[in-house]
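Per the numbering used here, the very first residue in the sequence shown carries number 576; after that it's consecutive.
Just so it is clear, CB atoms sit at the ideal spot from N, CA and C, and this is done for glycine as well.
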Amino acid sequence: MSEHDPSQETVILIHGLGRTRASLGVMQICLKWAGYKVCNFPYSARKNSFQEIVDSLLAYIETEVESQVYHFVAHSLGNIIIRQGFHKGYPPELKRIVMLAPPNHPVKLAAKLKNNLLFQYWSGDSGKKLASPEFYAQLPVPSVEFGVIAGTKGQKWTFQEPNDGIVELQATKLEGMKDFLTVHHTHTFLMNGSQTIQETIHFLKKGCFANSSLNREKGSKVL
Numbered sequence: 576m577s578e579h580d581p582s583q584e585t586v587i588l589i590h591g592l593g594r595t596r597a598s599l600g601v602m603q604i605c606l607k608w609a610g611y612k613v614c615n616f617p618y619s620a621r622k623n624s625f626q627e628i629v630d631s632l633l634a635y636i637e638t639e640v641e642s643q644v645y646h647f648v649a650h651s652l653g654n655i656i657i658r659q660g661f662h663k664g665y666p667p668e669l670k671r672i673v674m675l676a677p678p679n680h681p682v683k684l685a686a687k688l689k690n691n692l693l694f695q696y697w698s699g700d701s702g703k704k705l706a707s708p709e710f711y712a713q714l715p716v717p718s719v720e721f722g723v724i725a726g727t728k729g730q731k732w733t734f735q736e737p738n739d740g741i742v743e744l745q746a747t748k749l750e751g752m753k754d755f756l757t758v759h760h761t762h763t764f765l766m767n768g769s770q771t772i773q774e775t776i777h778f779l780k781k782g783c784f785a786n787s788s789l790n791r792e793k794g795s796k797v798l
C-alpha cells in the first residue's frame, strides 16, 4: 500500500457542540473528492452524557472502519471526545488527527455560561466539562501525530486576547502538537473554509501544514 494512497484510508469526522453531521458536509465532500473513504460520526451532547458519546465513538470505529489506516478530523468538542477516548485506547491503525478550533484547555466562555439554564439544556454534560479544570487535568494528549487549525476572526465583547468568537487562540494549543496553523475564520464556520480544507488534506497526507504558523510565532511558547 502506498503511504499516501487516500483510497486505502478512512477519515472519521466528528462535529462540535450543538451541531450535527451536516456542519462537516463540505469537508466530507472535499475529502471524498481527495480519494478518502469518509465516515461522519453522529452524536447528541444534549441527549447523551459525554462518556456515552466517547463509548459510542469507540464502537463506531469497530463497525465502520475497514481500512488499514484511519484518521480523525474533528471540530471543537469533537476533539475533546477524541482525547478522552485515548483512556480506553483506539485500534492501532489510527495515524493522524486534525483538530479544528479545539478547546484544548478550559473555555472561559463556557465557564461564564455554566450556570445558564439554556446553556445547560443545550450542551448537557459535555458543556460542563468544557469549563472544568479538573476534567482537563485528566484528559490525555493524543499519542499519534496531530495538528491544530485555529481561527482568529473573533470578537472583543467577552475576550481581550485573540479568539475565534468562542475559544481563545491560546486555548487551542496543546503540548505535543506536530503543527499549528491560524486562519481568519470564526469558530462556527472555520471547517468550511477552503484554506482549512486544503490544509487538512495536506496534514493527513504529510503530517504537517503547507503554511505552518509555528514558524511565524517567533519567540512564542507552545503550550
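With fewer than 16 neighbouring CB atoms inside 10 Å of its own CB, THR733 falls in the exposed class.
ASN654 is not a Cβ neighbour of LYS748, given a cutoff of 8 Å. A straight-line Cα-Cα distance of about 14 Å links SER598 and THR761. If you draw a straight line from the Cα of CYS614 to the Cα of ASP739, it comes to about 27 Å.
VAL758 is not a Cβ neighbour of GLN773, given a cutoff of 8 Å.
Counting only residues of its own chain and dropping the five nearest sequence neighbours on each side, ASP754 has a CB closer than 7 Å to the CB of GLY722, PHE778, CYS783, PHE784, SER787 and LEU789.
The secondary-structure analysis by DSSP pairs ARG596 with nothing; it has no beta-bridge partner.
The secondary-structure analysis by DSSP pairs THR585 across a beta bridge with LYS612 and TYR645. Three or more beta-carbon pairs drawn from the segment 617-628 and the segment 697-706 are found closer than 8 Å, and the two stretches are therefore classed as touching. Ranked by how close their Cα comes to the Cα of GLU668, the residues LYS780, HIS579, ALA746 and GLU584 have GLU584 in first place. Take the alpha-carbon of ILE589 and the one of ARG658: they are about 12 Å apart. Secondary structure within the segment 696-730: the beta strand (DSSP E) runs of 3 or more consecutive residues, fully enclosed, are 720-726 (chain order).
Bridge partners of MET674 according to DSSP: ALA649 and VAL723. When the beta-carbon positions are compared, LEU765 and GLY729 stay at least 8 Å from each other. The C-beta distance from ILE776 to LEU756 rounds to 13 Å, too long to meet the 8 Å contact threshold.
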